[in-house]
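Visitor: Just passing along the structure, written as structure tokens.
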Amino acid sequence: MTQNPNIEAAARVVAAAIVHGTSSDVAREVAQALDDARLLVRPVADPFATPGRNRPEKSPAALAALADCRKARQVADTARAQADGMPGKHDVSAAGGEVTFVVHPTSRAEWKQWMHALGVGDARGDSTGTSMIVRCTYGGVRARLVGVGVPALYGELAPLRSPKPAGVRP
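Numbering (the working numbering), first residue to last: 85 to 254.
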């Protein structure tokens with residue numbers, strides 16, 4: 085016995101096509117009637133919906149990652165409102181369970197203000213040449229403070245090199 089619920093409907097369509105058909109090509113007329121009744125295309129069934137098969141459970145790691153992403157999004161939404169009072173142009177976003185603050189300070193004082201507001205203190209960051217990236221925790225989630233132009237602000241502190249006398253090779 086088949087489990088296809090369309091068998092009875094298909095049998096009625098075939099019988100009607102044979103009895104009431106007007107074409108000499110009965111097979112084609114039956115096939116056309118089945119197609120008109122949308123019985124030739126089987127519905128795509130969920131393979132896990134068949135009896136005896138269960139949908140797999142989400143892994144604990146996947147559930148934890150989803151919770152981290154949700155929390156990071158909530159923290160970023162809260163941080164956006166709090167960052168409106170901070171100096172300079174800035175953007176706050178969340179992705180991959182991490183909140184990212186991208187700031188454009190115009191002075192070292194503004195950069196230190198951002199670091200203090202995020203509770204970073206005097207943490208050292210990694211320079212990309214055009215930006216400074218400081219990793220921290222904010223609101224209980226991983227965070228990253230990206231200071232665009234910060235290396236140039238600190239470059240002003242570098243001691244000036246005296247020009248080499250003419251004719252001296254390194």
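Note that the Cβ used here is the ideal one computed from N, Cα and C, for glycine as well.
#1: If you drop the 5 nearest sequence neighbours on each side, which residues of the same chain put their C-beta closer than 7 Å to that of Leu123?
#2: Please confirm whether Gly172 and Val183 have their CB atoms less than 8 Å apart.
#3: Going by CA-CA distance only, name the one from Met199, Asp210, Val159 that's closest to Gly223.
#4: Which residue's Cα is closest to the Cα of Gly209: Ala121, Arg228, Ala201?
#5: Between the C-alpha atoms of Asp175 and Lys142, what's the straight-line distance to the nearest angstrom?
#6: Compare the beta carbon distance of Val204 and Val218 with 8 Å and say whether it is the shorter of the two.
#7: Could you give the residue range of the alpha helix (DSSP H) that holds Val234?
#8: Grab the span of the beta strand (DSSP E) containing Arg219 for me, first residue to last.
#9: Apart from the five residues on each side of it in sequence, which residues of its chain come closer than 8 Å, Cβ to Cβ, to Thr162?
#10: Please state whether the Cβ-Cβ distance between Trp195 and Val234 is less than 8 Å.
#11: With a threshold of 8 Å on Cβ separation, who are the neighbours of Ala121 within its own chain once the five nearest residues in sequence on each side are excluded?
#12: Express the C-alpha separation of Val114 and Ala156 in angstroms, rounding to a whole number.
Guide: Result, derived from the coordinates:
#1: Within the same chain, and ignoring the five residues on either side of Leu123 in sequence, the residues whose Cβ sits closer than 7 Å to its Cβ are Asn90, Ala93, Ala94, Val97.
#2: Going by C-beta atoms, Gly172 is not nearer than 8 Å to Val183.
#3: Gly223 has its Cα closest to that of Val159, out of Met199, Asp210, Val159.
#4: Selected option, being the one with the closest Cα: Arg228.
#5: Looking at the two C-alpha atoms, the distance is approximately 33 Å.
#6: Cβ distance < 8 Å, so Val204 and Val218 count as in contact.
#7: Boundaries of the alpha helix (DSSP H) harbouring Val234: 234-239, taken from the DSSP string.
#8: Run containing Arg219: 215-222, per the beta strand (DSSP E) assignment.
#9: If we look at Thr162 and ignore the five residues flanking it on each side, its Cβ neighbours are Gly223.
#10: Cβ atoms of Trp195 and Val234: closer than 8 Å.
#11: The beta carbon of Ala121 sits closer than 8 Å to the beta carbons of Ala93, Ala94, Val97 from its chain, once the five residues preceding and following it are set aside; these are given in chain order.
#12: Ala156 and Val114: Cα-Cα distance of roughly 60 Å.
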